[in-house]
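Note sheet for the following structure.
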Amino acid sequence: MAEPTLSTPRITSQYLDTFISRTIRLIGKVTQLRGETATIDSEGNVTALLNRDAHLTVGNAVEVVGKVNQDLSVKVLRATDLGRDVDYTAISAVVDATHRYKEIFYAE
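Residue numbers (the UniProt record's numbering): 1 to 108.
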């Protein structure tokens, strides 16, 4: 039997409570770095608990693949710096489509 594919739905901060203990993708702007945590603005602030491989820059966009904790922070598994030239309107539209047609993008 084939192994199930790990789905990582794209979300913004408003969906965090729906995905507790699940792995997600989140894109937003890094607004603050403090030690091993970052604040990411993804239509609302999200606290990201960074791993050693995360190299973020304040003001840049980032895509985080991570696990949502009970306190709605995100434990970063992978972070990709996307630079400063990001169309947040397009990202919001993709997130909206992901949840509007969730049967296509992820299993509940």
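Note that CB positions come from ideal geometry on N, CA and C, so glycine has one too. Since this is a predicted model, take the numbers as computed values, not measurements.
Asked: Mind the definition here: the segment 35 to 50 touches the segment 3 to 20 only if three or more C-beta pairs lie below 8 angstroms; say whether that holds.; Found: yes
Asked: Got a sec, what are the start and stop residues for the alpha helix (DSSP H) T89 sits in?; Found: 88 to 100
Asked: Quick check on DSSP: helix, strand or coil for E36?; Found: coil
Asked: Roughly how many angstroms lie between the CA atoms of H99 and F105, to the nearest whole one?; Found: 8 angstroms
Asked: In angstroms, rounded to a whole number, what distance separates the CA positions of G28 and A61?; Found: 5 angstroms
Asked: If G66 sits next to V30, beta carbons under 8 angstroms apart, how far is it from one beta carbon to the other, in whole angstroms?; Found: Not quite, the Cβ-Cβ distance comes to about 14 angstroms (not below 8 angstroms), so this is no contact.
Asked: Below 8 angstroms on the Cβ atoms is my guess for R25 versus R10; work out the distance and round it to an integer in Å.; Found: 5 angstroms
Asked: Given a cut-off of 7 angstroms, decide if V74 and F19 are closer than it, judged by their beta-carbon atoms.; Found: no
Asked: Below 7 angstroms between beta carbons: does that hold for L50 and E36?; Found: yes
Asked: Please report the distance separating the alpha-carbon of L82 from that of A107.; Found: 27 angstroms
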